[in-house]
Amino acid sequence: MRSEKICGAIFFLLLASGSAPSIAFSQLPYYQRKTIKVIRGGEPGGTGDMQARALIPFFRKYIPGEPAIVVENMPGAAGRKAANHIYSTAKPDGFTIGAVGAGLVAGPILGLAGTQYDLDKLIYLGSTESGDPYVFVSRKEAGLDSLEKLRAATGLRIGAQAVGHPIFVSGRMFAYLLGLKDPKMVVGYGGPELDIALAKGEVDARANGADTILQRNREAFEKGLFNVHASITIPKGKFDPRLPKVPELDTFARNEKERQLLNLFRTFLYPRWPYILPLGTPAEVVKILRAAIAKAFKDPEFHKEFKKLMANDPTPLTGEEMETAIRELPRDPEIVGLYKKMADHGPLPPR
21 MRSEKICGAI
31 FFLLLASGSA
41 PSIAFSQLPY
51 YQRKTIKVIR
61 GGEPGGTGDM
71 QARALIPFFR
81 KYIPGEPAIV
91 VENMPGAAGR
101 KAANHIYSTA
111 KPDGFTIGAV
121 GAGLVAGPIL
131 GLAGTQYDLD
141 KLIYLGSTES
151 GDPYVFVSRK
161 EAGLDSLEKL
171 RAATGLRIGA
181 QAVGHPIFVS
191 GRMFAYLLGL
201 KDPKMVVGYG
211 GPELDIALAK
221 GEVDARANGA
231 DTILQRNREA
241 FEKGLFNVHA
251 SITIPKGKFD
261 PRLPKVPELD
271 TFARNEKERQ
281 LLNLFRTFLY
291 PRWPYILPLG
301 TPAEVVKILR
311 AAIAKAFKDP
321 EFHKEFKKLM
331 ANDPTPLTGE
341 EMETAIRELP
351 RDPEIVGLYK
361 KMADHGPLPP
371 R
């Protein structure tokens, strides 16, 4: 009995001093044999959908345990419906991730209807892109092959997905700053549906991200079926060399307020395709997912796959970079007020 006590005391001392042999406990990775659901805030086949398809295999590769990852599309309110679900409904266990568009950022800042989440409380994993130039195009058959003809037309039909969507907002901003006469916004399309509507003449013009023009509409673009009129470069001054060199929309601004309006639009689109988690997700789980997505962003094979689908290179942001961008968002009431008018369905304000 005495020798057992002595041995026990020696073991305790060794343990306390760190000299005891290490004991490994067998434990499966948190995500092993599990499934992650990605809630995609948009229609199947859109730009965000293609970017998710490029990312997900590599994201999965770097998550310890390599869980299955499935995508569920939840279109509505420019991605804000999906963001609401992540914020209010999804369990904060790391098994549900939101993948939404730039509407995520604009909704709370502008107080848009249907926004039910706090931008500063969401947890950010990263974004596959950090901005993409927007262009204003018309279909060739409309005959609007110059700025003069564009301005002379009355009641131009401009297509968009939904009120408040970045395509809707940018379409209104192009119309406003280019000085179009009584433009009519035609909404209710999914992204691929809008491509067809423009081709069939249901709408005369639309705003578009450059990646959509160069990938989903590449054949039509190469055949010269679009007239490209102006651009909002993101970041400012970064033109896409594959597109015609057209005027920046900033050159049509009449004052500093209008220039700041464009800068706010750029800032909203800086985290172009954000991936988010519900508030309350355990820090250890956030760390696992952030590390995995950061490694995926650096994987050369991800870059190859992204370029194959999107025709351009990814410009990713980490979760930490996204947090900084959200924290530093400009929130000047006067500029936000003007932006709200661009994001609404009412008449454009006088200049």
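Heads up, the sequence shown is in the numbering used here, so the first residue is 21 and it goes up one at a time. Beta carbons: idealized from backbone N, C-alpha and C, even for Gly. Quantities reported herein were computed from a predicted structural model and do not represent experimental measurements.
Between residue 41 and residue 76, what straight-line distance do the alpha-carbon atoms span, to the nearest angstrom?
-> The predicted model places residue 41 with a pLDDT of 36, which falls under 50 and marks its position as unreliable; any figure quoted below should be read in that light. Each residue's Cα considered, the two are about 41 Å apart.
Mind reading off the beta-carbon distance from residue 98 to residue 181? Whole number of angstroms is fine, and I expect it under 8 Å.
-> That belief holds up - the Cβ atoms of residue 98 and residue 181 are roughly 7 Å apart, short of 8 Å.
Compare the Cα-Cα distances from residue 371 to each of 196, 308 and 353 and report the closest residue.
-> Residue nearest to residue 371 within the set 196, 308 and 353 is 196 (criterion: CA-CA distance).
Would you mind stating whether residue 284 and residue 150 have Cβ atoms separated by less than 7 Å?
-> no
Which of the three DSSP states, helix, strand or coil, is assigned to residue 213?
-> Looking at residue 213 - three-state DSSP - the assignment turns out to be helix.
Out of curiosity, what's the CA-to-CA distance linking residue 254 and residue 270?
-> 12 Å
When the distance is taken between beta carbons, is residue 331 closer than 7 Å to residue 234?
-> yes
Output yes or no for whether 7 Å exceeds the beta carbon distance between residue 153 and residue 72.
-> Cβ atoms of residue 153 and residue 72: not closer than 7 Å.
Do residue 301 and residue 84 have their C-beta atoms within less than 7 Å of each other?
-> In this structure, the beta-carbon distance from residue 301 to residue 84 does not fall below 7 Å.
Out of 199, 145 and 88, state which residue places its alpha-carbon closest to the alpha-carbon of residue 368.
-> 199
Determine the closest residue to residue 125 out of 95, 138, 277 and 333, with distance taken between C-alpha atoms.
-> 138
Determine the contact status of residue 309 and residue 142, defining contact as a CB-CB distance below 7 Å.
-> no
Rank 209, 210, 192 and 211 by C-alpha distance to the C-alpha of residue 202 and give the top, closest one.
-> 192
Using the beta-carbon count (16 or more within 10 Å), is residue 374 buried or exposed?
-> Given that the chain is displayed from residue 21 to residue 371, the structure contains no residue 374 and the question cannot be resolved.
Name, in chain order, the residues that DSSP records as bridge partners for residue 127.
-> Note: residue 127 sits in no beta bridge, so no partner.
Tell me, please, whether the segment 346-362 touches the segment 154-166 by the rule of three or more beta-carbon pairs shorter than 8 Å.
-> The segment 346-362, when compared against the segment 154-166, does not touch it at the 8 Å Cβ threshold.
Ordered list of alpha helix (DSSP H) runs contained in the segment 230-308, each at least 4 residues | 230-234, 238-242 and 276-288
Under 7 Å between C-beta atoms of residue 190 and residue 294 | no
Compute the Euclidean distance between the alpha carbons of residue 108 and residue 134, then round it to the nearest angstrom.
-> 13 Å
Beta-ladder partner(s) of residue 159, from DSSP = 246
Inter-residue CB distance, residue 159 and residue 282 (contact presumed, cutoff 8 Å) = Between residue 282 and residue 159 the Cβ distance is about 25 Å, and since that is not below 8 Å, they are no contact.
In this structure, what does DSSP give as the bridge partners for residue 114?
-> Answer is none; residue 114 lacks a bridge partner.
Determine the closest residue to residue 52 out of 61, 59, 69 and 115, with distance taken between C-alpha atoms.
-> 115
From residue 429 to residue 350, what does the alpha carbon distance come to, in whole angstroms?
-> Past the boundaries of the shown model lies residue 429; the chain is included only from 21 to 371, so the question cannot be answered.
Verify whether the separation of the beta carbon atoms of residue 177 and residue 224 is less than 7 Å.
-> yes
Leaving out five residues on either side along the sequence, give the residues of the same chain with a beta carbon under 7 Å from the beta carbon of residue 46.
-> Residue placement at residue 46 is poorly supported in this model, since its pLDDT is 39, which falls under 50; the coordinates still yield a value, given next. Correct list: empty, nothing qualifies.
Drop a sphere of 10 angstroms on the beta-carbon of residue 104, count the other beta-carbons inside from all chains shown, and report buried for 16 or more, exposed for fewer.
-> buried
Would you mind sorting residue 170 into buried or exposed? The rule is 16 or more other CB atoms within 10 Å of its CB.
-> buried
Kindly list the residues whose CB is nearer than 8 Å to the CB of residue 323, restricted to its own chain and excluding five residues on each side of it in sequence; keep chain order.
-> Counting only Cβ-Cβ distances below 8 Å, and skipping sequence neighbours, we find 333 and 334.
Rounded to a whole number of angstroms, what is the C-alpha to C-alpha distance between residue 290 and residue 172?
-> 33 Å
Relative to the alpha-carbon of residue 58, which residue among 49, 94 and 65 has its alpha-carbon at the smallest distance?
-> 94
If you draw a straight line from the C-alpha of residue 303 to the C-alpha of residue 50, how long is it?
-> 13 Å
Distance between residue 346 and residue 249 (C-alpha atoms, nearest Å) | 31 Å
Near residue 16, which residues of its chain fall below 6 Å by C-beta distance, leaving aside the five closest residues on each side in sequence?
-> Any property of residue 16 remains undetermined from this structure, which presents the chain solely from 21 to 371.
Could you check the C-alpha separation between residue 68 and residue 204 for me, to the nearest Å?
-> 26 Å
With a 10 Å radius around its C-beta and 16 neighbouring C-beta atoms as the bar for buried, classify residue 88 as buried or exposed.
-> exposed
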